[in-house]
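Asker: Under my numbering, the residues of the sequence shown are numbered 693 to 829, in order.
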Amino acid sequence: MTTTDLHHPDTRRAFGTVRRLVLAYLGLSVLTLVAAFALRDHTAVVTPAVWIRGTIVVASAAVTLLLTVRAARGSRGAFRRLRILSGVMIVAIAAIIVLPGVFPFWMKIEQGLCGLALLGVAALVNGRQLRTLFAKP
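(1) Would a C-beta distance cut-off of 8 Å place ALA770 and LEU759 closer than the cut-off?
(2) Tell me which residues share the same chain as ILE788 and place their Cβ nearer than 8 Å to its Cβ, disregarding the 5 neighbours each side in the sequence.
(3) Under a Cβ-count criterion, where at least 16 other Cβ atoms within 10 Å of its own Cβ denotes burial, should PHE707 be classed as buried or exposed?
(4) If you draw a straight line from the C-alpha of ASP697 to the C-alpha of SER778, how long is it?
(5) Helix, strand or coil for VAL791 per DSSP?
(6) For LEU723, count neighbouring C-beta atoms within 10 Å of its own C-beta (all shown protein chains included) and say buried if the count is 16 or more, exposed if not.
(7) Smallest Cα separation from MET781: which of LEU808, THR735, ALA736?
(8) CA-CA distance, VAL761 and ALA730?
(9) Out of curiosity, what's the CA-to-CA distance linking GLN821 and ARG711?
(10) Looking at SER721: is its Cβ nearer than 8 Å to the Cβ of ALA753?
(11) For the alpha helix (DSSP H) that ALA827 lies in, which residues bound it at each end?
(12) Ordered along the chain, which non-local residues of its own chain (more than five positions away) have a Cβ less than 7 Å from that of ARG773?
(13) Go ahead and pull the three-state DSSP assignment for GLY819.
(14) The ligand COA heavy atoms versus the CB of ALA784: any closer than 7 Å?
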């Protein structure tokens with residue numbers, strides 16, 4: 693991979709979209725913790741599971757953003773980790789949504805929105821444009 697490859701308009705566009713989707717994922721995750729804090733006295737709405745999952749999601753979104761930045765700069769390892777993490781988080785989010793009774797409905801909706809953002813990330817990082825860029829020479 694060359695610097696020219698990283699600066700190709702298609703590559704820059706793909707990573708720009710990935711970055712926006714990851715920022716949306718991070719923003720939603722942070723807003724969820726803010727909402728949980730604001731509603732902390734309503735134990736029917738903010739359960740211990742909300743705090744645990746909310747914190748994990750913010751941390752994973754921050755790591756996902758870091759990996760996105762590093763991959764856009766040409767790191768093969770960061771790109772590989774970004775592909776893996778986006779897929780793993782989609783599966784985890786699907787599990788959260790289908791588990792009955794553990795999470796409140798509002799969090800399942802928020803997780804669904806995060807999942808949609810991550811589906812976009814996974815589609816782009818597993819698409820031909822970026823996979824080809826990071827293929828071993």
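No residue lacks a Cβ here, since even glycine has one placed at the ideal position from N, Cα and C. Being a predicted model, the structure only gives us computed values, none of them experimental.
Answerer: In this structure, then:
(1) Against the sequence shown, residue 770 aligns to sequence position 78. Against the sequence shown, residue 759 aligns to sequence position 67. Yes, these two residues count as a Cβ contact at 8 Å.
(2) Looking up residue 788 in the sequence shown gives position 96. The beta carbon of ILE788 is closer than 8 Å to those of ARG745, VAL794, PHE795, MET799, LYS800, GLN803 in its chain, skipping five residues each way along the sequence.
(3) In the sequence shown, residue 707 corresponds to position 15, counting from 1. Note on PHE707: 16 or more other CB atoms within 10 angstroms of its CB, so buried under the neighbour-count rule.
(4) Position 5 of the sequence shown, counting from 1, holds the residue named residue 697. Position 86 of the sequence shown, counting from 1, holds the residue named residue 778. For ASP697 and SER778, the gap between their C-alpha atoms comes out near 23 Å.
(5) Against the sequence shown, residue 791 aligns to sequence position 99. The question names Val, but residue 791 in the sequence shown is Leu. Here LEU791 sits in coil by DSSP.
(6) Working through the sequence shown from its first residue, we reach residue 723 at position 31. Exposed.
(7) Numbered from 1 along the sequence shown, position 89 holds the residue referred to as residue 781. If we check each option's Cα against that of MET781, LEU808 comes out closest.
(8) Position 69 of the sequence shown, counted from the first residue, corresponds to residue 761. Position 38 of the sequence shown, counted from the first residue, corresponds to residue 730. ALA730 has its alpha-carbon roughly 31 Å from the corresponding atom of VAL761.
(9) To locate residue 821, count along the sequence shown from 1; it is residue 129. To locate residue 711, count along the sequence shown from 1; it is residue 19. Rounded to the nearest angstrom, the two C-alpha atoms are 16 Å apart.
(10) By one-based count along the sequence shown, residue 721 stands at place 29. By one-based count along the sequence shown, residue 753 stands at place 61. Going by C-beta atoms, SER721 is nearer than 8 Å to ALA753.
(11) If you number the sequence shown from 1, residue 827 lands on position 135. Bounds of any alpha helix (DSSP H) do not take in ALA827, whose DSSP letter is neither H nor E.
(12) Residue 773 sits at position 81 when you count from the first residue of the sequence shown. The answer, listed in chain order, is LEU759.
(13) On the sequence shown, residue 819 is found 127 positions in, with the first residue counted as 1. It is coil, neither helix nor strand.
(14) Only the bare structure without any ligand can be found here, which leaves the ligand COA out of the picture.
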